Amino acid sequence: MARMRIQDIAAEAAVSPSTVSKFINGHYDAMSASTRSRIAEIIERTGYRPSSVARNLRLDRSRMIGVILADIRNPYSSAMLGELADRSAAAGYTLTCAISGNNPSKEAEAVMRLAEAGADGLIVNTCGGNDELLADTCDRAPVVLLDRDVPGASIDLVTSDNGCLVAALLQEVMRDGVDACWLLDEHNDASSVRRERTATFERGLRSACARGGCIALARNACAAAAQLTKMSCSSGGSPIGLIAINGLVFERLVEALAVAGIDVPGAARIATIDEYPWNRVLFGGVTTAAQDIAGLAAAALELLIERIERGRGPCGSRRRIEIPGNIIARRSTRTDSGPTTTTPQPLRAHR
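Below you can see the structure in the form of structure tokens.
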């Protein structure tokens with residue numbers, strides 16, 4: 001059977017094709033009840049479905065959203081991609097993803113490729129180094145930055161309230177006699193998220209008059225174990241605090257602790273950022289600052305689609321959305337109770 005067309009429905013309903021088109025697009029104001037009823041009956045009986053290709057051509061849209069992630073090895077990124085894919089499909093958009101591998105050149109290529117392919121908008125977890133390109137792209141199609149900001153640019157940003165999460169995590173780790181704590185980071189990572197987390201951590205240490213600092217944890221397990229051993233030996237027998245800045249660093253920390261033979265939570269109180277299934281079982285449970293990945297994905301996609309549907313507006317209309325997370329306290333920082341979950345209070349007014 002030949003596919004029904006708007007012209008076929010119009011002929012059978014004895015109306016013009018433009019009237020059928022208005023009905024399909026929900027413009028009923030100047031249409032009588034009997035006309036609406038006839039068109040609806042024909043559409044239901046014939047199983048007519050409007051051509052999304054034709055509609056998109058008329059609207060000059062591709063119904064495609066481009067997503068660029070900095071590092072798919074990070075469990076956060078894979079979880080985020082899954083959320084974005086599900087939500088995009090539910091909203092009627094096709095998701096096309098590119099991975100920069102924290103390489104600015106690859107990120108730039110992906111931005112230009114997706115823009116040239118006709119993406120209606122981009123969600124970018126930038127690795128840095130492409131501030132001007134992203135700003136220029138934003139003038140042509142909506143761009144929403146995910147987690148990592150571009151200072152000085154009028155580009156929308158959706159991120160966690162990283163300052164609150166790190167401050168609350170530090171407070172949790174340093175309870176019960178811990179007077180020295182280290183934030184374990186990656187080498188050569190100067191993203192806006194890391195800068196905010198590091199600055200908050202350093203302020204917290206100064207406020208508590210505590211020892212410690214920020215250190216890049218070695219990739220080699222033996223070298224990382226040597227770093228941890230040195231920290232532990234400097235504590236004078238007191239437990240030390242160790243906070244992994246993300247899931248990748250936490251994986252290195254777990255391996256290094258085993259090599260060094262450091263007991264958790266006896267000799268070290270440890271915590272990490274981002275909640276994964278293994279956090280609930282390792283060391284009897286690992287204290288975690290859990291970002292709301294579903295909330296971040298939903299906010300980024302809703303903001304982007306709003307920009308696509310309504311137009312981006314003037315540069316001064318930039319929006320920054322901060323999604324709160326939770327602190328899940330477990331045995332790795334406390335031995336006196338089971339898991340507890342709290343929502344950190346903001347350290348500052350959201351912008």
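By the UniProt record's numbering, the letter at position 105 of the sequence shown is numbered 105, and the numbering carries on one by one without gaps. For glycine and all other residues, C-beta sits at the position ideal for the given N, C-alpha and C. The structure presented is a predicted model; accordingly, all values stated were derived computationally and were not measured.
If I measure Cβ to Cβ from Ala10 and keep anything under 8 angstroms in the same chain, skipping five residues before and after, which residues do I get? Ser16, Pro17, Thr19 and Val20
Contact between the region 129-138 and the region 170-178 (3+ Cβ pairs under 8 angstroms): no
Identity of the residues DSSP links to Cys181 by a beta bridge: Gly212 and Gly241
May I ask you to report which of helix, strand or coil DSSP gives Met174? coil
Less than 8 angstroms separating the beta-carbons of Arg252 and Leu217? yes
Return helix, strand or coil for Ser37, following the three-state DSSP convention. helix
Per-residue DSSP class, three states only, for Leu217: Correct three-state label for Leu217: coil.
Per the DSSP calculation, residue 353 is bridged to which residue(s)? Absent from the structure is residue 353, since the part of the chain shown begins at 1 and ends at 351.
Quick one: grab the DSSP three-state call for Thr340. strand
With H, G and I counted as helix, E and B as strand and the rest as coil, what does DSSP make of residue 360? Lying outside 1 to 351, the shown extent of the chain, residue 360 is not represented and no answer is given.
C-alpha gap between Ile72 and Ala300, whole angstroms: Distance from the CA atom of Ile72 to the CA atom of Ala300, rounded to whole angstroms, is 18 angstroms.
Bounding residues of the alpha helix (DSSP H) (the contiguous stretch that carries Arg310): Ile293 to Arg310
For Thr200, count neighbouring Cβ atoms within 10 angstroms of its own Cβ and tell me buried if that reaches 16, exposed if not. buried
Candidates Ser191, Ser332, Ile293 and Ile39: closest to Ala79 by CA position: Ile293
Which two residues bound the contiguous alpha helix (DSSP H) that contains Arg320? Counting along the chain, Arg320 falls outside any alpha helix (DSSP H), though it belongs to the beta strand (DSSP E) covering Arg320 to Ile323.
Which of helix, strand or coil does DSSP assign to Met231? helix
Under 8 angstroms between C-beta atoms of Asn74 and Asn246: yes
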